[in-house]
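Peer 1: Residue numbers (my numbering), protein chains in the order written: chain V, -17 to 203; chain L, -17 to 203. For every residue, glycine included, the Cβ atom is placed at its ideal position computed from N, Cα and C. It should be emphasised that the depicted structure is a prediction, and the values quoted were computed from it without experimental measurement. Following this message is one structure expressed as structure tokens.
Number of protein chains: 2
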Amino acid sequence: MRILIVEDDSRIASDLSAALAAAGYVPEVASDGEDAWFRGDTEDFGAVILDLGMPLMDGLSILRQWRANSRDMPILILTARGTWTERVEGIEAGADDYLPKPFEMDELLARLRAIIRRRGGYSTPRLAIGEISLDPRRMQVTRRGVPVQLSPLEYRLVHYLMLNSGRIISQQELAEQLQGDLFERESNAVEVLVARVRRKLGTTAIETRRGYGYMFGQETV
Amino acid sequence: MRILIVEDDSRIASDLSAALAAAGYVPEVASDGEDAWFRGDTEDFGAVILDLGMPLMDGLSILRQWRANSRDMPILILTARGTWTERVEGIEAGADDYLPKPFEMDELLARLRAIIRRRGGYSTPRLAIGEISLDPRRMQVTRRGVPVQLSPLEYRLVHYLMLNSGRIISQQELAEQLQGDLFERESNAVEVLVARVRRKLGTTAIETRRGYGYMFGQETV
DNA sequence: TGGTCGTTGTCAGCATTTTGTAATCTGGCG
DNA sequence: CGCCAGATTACAAAATGCTGACAACGACCA
């Protein structure tokens, strides 16, 4: 899962980045407010860690603008000035949790997990498209009612495609969502992954749009 | 199951903590209102024991804010000033039950069990899934009617998995729930624990979802 | 005090599954 | 034809989970 780290102190940023990577996330750093705002507004992240004390553009303003644009990813704010009022202000601006600096990395990870879980974990509904359905609670995919055994990565692929069914998803986008920008265009990992899923869900489940990407469901016929 | 104790009197807090631990819960203490509010707001607890007479932030306010944020864990309030009006106020603010100080530890435990059970929605205190059943009152697990001897930690594992049967529980989540503090992926303590329980309850009782976690019961059909 | 027992975490080795890479195929199209 | 995006296959590397052995620790009891 991609996490956007908005932090101007490069040492803290790299520490955070390392810890998140070790915890299995895919961290990306934005070191100034403008960059942060743009990326949070246009890209998809599983969560954002936002330092309030930033040059160029205040963290709180960024937060408010995101929320105004109905960007609803979970957000954990950091600040050196651990005052009660600022904390409340942050929460009111739409943050999900707050952590005063300095902080323990373990605590940060725990809180991050908590807000992600709270956001996504429980209320997610069942997805059903065509003969495939997906139960996020059990992380179980079934085809015509028959359970299909998927590996973690395969599951994430199907989940993402189903969440975005009817839209064309480029290989680039898939790769980013699944792994971060770990592998470039010279690898065919995505193609292999898609092939594996097709073998399990049937070749028609995922449609190829040559030169553009993949699409789930919506058989054009 | 994690229980948040919000209590500024350290002696009471530690007594409570000990009693809850002995009863098989995982107690955590917050000694001031601010801390309490945040943890209750951001972390998951099975229940909260909330003292109304707190410095910095009034217990009732904390309670109202939690409820306003749709935090719906069961809450048992304590107060030294056992007045009728305050009790009503507490219930109206969203508490589940009320206990005047001083109190008997046994009564507290009974009421705590009651509100947890009421919240969990199962009318029978007994949990039964497949050939395994669990009696929380006696902390006794049986398999096909035969009592099984479990260590405290093993019991807590089974309890938590049964309360959440049909949902996938990650190793992370298990570790947090069972220990209160988190230990990293460099330890395989959870795996060892699961193996030990399986030896006692049968290998099929706990299903492994590779890469995701564990799930109780709910054979893949 | 010392011994025994049960509990729980750690470690190392093993088996299995998952995933990336490379090599080779396929089918449409200019 | 020859090219190209994508499909398929096979293989190797990495991740993940299981197991048995062992050690640390505390409770309990002579």
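(1) Using the rule of at least 16 other Cβ atoms within 10 Å of the residue's Cβ for burial, across every protein chain shown, is V:R173 buried or exposed?
(2) Where does L:S(-1) fall in DSSP's three states?
(3) Which one or two residues does DSSP pair with V:E189 in a beta bridge?
(4) Quick one: grab the DSSP three-state call for L:I(-6).
(5) By the 10 Å Cβ neighbour count, where 16 or more other Cβ atoms means buried, how is V:E16 classified, buried or exposed?
(6) Just the C-alpha distance for V:D88 and V:I44, rounded to the nearest angstrom, thanks.
(7) What did DSSP end up calling L:L90 once you bin it into helix, strand or coil?
(8) For V:L183, I'd like the list of residues in its chain whose CB is within less than 8 Å of its CB, leaving aside the five on either flank, ordered along the chain.
(9) Can a CB atom of chain L be found closer than 9 Å to the CB of V:S(-1)?
(10) According to the Cβ coordinates, are L:Y142 and L:M36 closer than 9 Å?
(11) Taking all protein chains shown into account, decide if V:S(-1) is buried (16 or more other Cβ within 10 angstroms of its Cβ) or exposed.
(12) Kindly indicate the opening and closing residues of the alpha helix (DSSP H) around V:D33.
(13) Give the interface partners of L:I150 over in chain V, defined as CB-CB distance under 8 Å, in chain order.
(14) What's the gap between the Cα of V:M55 and the Cα of V:G28?
(15) Less than 9 Å between the beta carbons of V:D(-3) and V:D33, yes or no?
(16) From the DSSP output, which residues share a beta bridge with V:P129?
(17) Measuring only the C-alpha atoms, how far is V:R192 from V:I151?
(18) What did DSSP end up calling L:R149 once you bin it into helix, strand or coil?
(19) Just to make sure I have the definition right: I need the residues of chain L whose C-beta is within less than 8 Å of the C-beta of V:P134. Which are they?
(20) Considering only C-alpha positions, which residue in the set V:I97, V:A50, V:A5, V:S52 is nearest to L:E25?
(21) Counting only Cβ-Cβ distances shorter than 7 Å, please list the residues of the segment 14 to 35 of chain V near chain L, keeping chain order.
(22) Taking a cut of 8 Å between CB atoms, which residues from the segment 72 to 97 of chain V lie near chain L?
(23) Cα separation between V:I(-6) and V:G199?
(24) Tell me which same chain residues have a C-beta within less than 6 Å of the C-beta of L:A1, skipping the five on either side of it?
(25) For the beta strand (DSSP E) holding L:A110, just list the boundary residues, first then last.
(26) Using CA coordinates, which residue listed in V:I31, V:R21, V:L60 is at the minimum distance from V:N51?
(27) Would you say L:M55 lies against chain V (beta-carbon separation less than 9 Å)?
(28) Determine the burial state of V:D78: buried for a count of at least 16 other Cβ atoms within 10 Å of its Cβ, exposed for fewer.
(29) Mapping DSSP to helix, strand and coil, what is L:P84?
(30) Would a C-beta distance cut-off of 9 Å place V:P82 and V:L60 closer than the cut-off?
(31) Is it the case that the Cβ atoms of V:P9 and V:A3 are separated by a distance below 9 Å?
(32) Which residue's Cα is closest to the Cα of L:T190: L:Q161, L:Q153, L:Q159, L:L(-14)?
(33) Given this structure, state the Cα-to-Cα distance separating V:I(-13) from V:R95, to the nearest angstrom.
Peer 2: If we stick to the structure as given:
(1) Here the sequence assigns Glu to residue 173 of chain V, which means Arg is not the residue at that position. Its Cβ having fewer than 16 others within 10 Å, V:E173 is exposed.
(2) helix
(3) V:M197
(4) helix
(5) exposed
(6) 26 Å
(7) helix
(8) I114, V123, R125, V130, V140
(9) no
(10) no
(11) buried
(12) Run containing V:D33: none in the alpha helix (DSSP H); it sits in the beta strand (DSSP E), 29 to 33.
(13) R119, R120, M121
(14) 6 Å
(15) no
(16) V:T124
(17) 11 Å
(18) coil
(19) R192, G193, Y194
(20) V:I97
(21) none
(22) D78, D79, Y80, D88, L91, A92, R93, R95, A96, I97
(23) 43 Å
(24) M87
(25) 109 to 111
(26) V:R21
(27) no
(28) buried
(29) coil
(30) yes
(31) yes
(32) L:Q153
(33) 15 Å
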